[in-house]
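Enquirer: Would you mind keeping the following structure in view while I ask a few things?
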Ligand code: BV8
Ligand code: ZN
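Residue numbers (the working numbering): 17 to 258.
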């Protein structure tokens, strides 16, 4: 089937679906200038995210981990949603039932106007106190001092889910529910290697949903997806809307 025919088919499925779920990864923010995790040359000073985004790394060197997050926050603060984020906002407005599950912590989906967003890996603008366990939104870039401190004196950590940490229970349960009951799952910009997020597409297929993948490269999901569109999400997602 030609790419044009594939896009036409995917657009028809989305037009008639009563319930749509979406799963996004770092690739959907790439065209906004947010580096992906698997960009060549790593994300920062050639550290691997798997080495920095862990509780052990934070325990060992909270200042180094905070320097990485402060660098990412400052970079993301200058990024804007791209046409892919806006297309997902438009699809949400047309769909009877819609849930957007994102692995991204950059907050660009909300800035594009998406309403029902489940942030299964947390949010880089949230900070959580190790002492009083309060989570607040802190938008300051750069942060005045690293590691930042809570009003109670406790040390703050980024409000994201690190490797080896459980996902937020409520968001994860809602994500599984949405994926099990949707007619179409749209998967955009994820390498499909991080679990348990990567188990959502197989769960959708097992529940009888159609899975449309959008990715600039082949992924472990591409072979199993009902339809796999190759190209940048900023260009392809707008083509899926009438
Ligand atoms: C957990 C927040 C258990 C932090 C993130 C061995 C085998 C299998 C699994 C494991 C294993 N060892 C450990 C695990 C589990 C581990 C895991 O999956 N590891 C991976 C590396 C193998 N998972 C966990 O640890 C999870 N927790 O399992 O807990 C548990 C349970 C109970 C009690 C205790 C413990 C937690 C995982 C969450 C980690 N946190 N982020 C932060 O951001 O700083 S994950 C982080 O990496 C991102 O959030 C993102 O989700 C992920 C990267 O994935 P992608 O989003 O897909 O991005 P990526 O760069 O990889 O790919 C980009 C894609 O876009 C590419 O395909 C590219 O082709 C495409 N693309 C690029 N440009 C475009 C594009 N597509 C379209 N258009 C474009 N323009
Ligand atoms: Zn505190």
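Where a beta carbon is used, it is the ideal one built from N, C-alpha and C, also for glycine.
Here the structure is a predicted model, which is why all the values come from computation and not from measurement.
In whole angstroms, what separates the C-alpha of residue 135 from that of residue 43?
Expert: So the two alpha carbons sit approximately 16 Å from each other.
Enquirer: Which residue marks the beginning of the beta strand (DSSP E) containing residue 67, and which one marks its end?
Expert: Unbroken run through residue 67 is the alpha helix (DSSP H), 65-68; no beta strand (DSSP E).
Enquirer: Compute the distance between the beta-carbons of residue 50 and residue 159, then report whether it is under 9 Å.
Expert: Contact flag unset, no.
Enquirer: Is it the case that the Cβ atoms of residue 35 and residue 101 are separated by a distance below 9 Å?
Expert: Contact flag unset, no.
Enquirer: According to DSSP, is residue 115 part of a helix, a strand, or is it coil?
Expert: Here residue 115 sits in strand by DSSP.
Enquirer: What is the DSSP secondary structure of residue 139, counted as helix, strand or coil?
Expert: Residue 139 falls in the strand class under three-state DSSP.
Enquirer: Look up residue 229 in the DSSP assignment and say whether it is helix, strand or coil.
Expert: Looking at residue 229 - three-state DSSP - the assignment turns out to be strand.
Enquirer: Measure the Cβ-Cβ separation of residue 23 and residue 245 and say whether it is below 9 Å.
Expert: Cβ distance < 9 Å, so residue 23 and residue 245 count as in contact.
Enquirer: With C-beta atoms as the reference, is residue 33 less than 9 Å away from residue 157?
Expert: No, they are not a contact pair.
Enquirer: Once DSSP output is grouped into helix, strand and coil, what is the label at residue 162?
Expert: DSSP places residue 162 in coil when its eight states are reduced to three.
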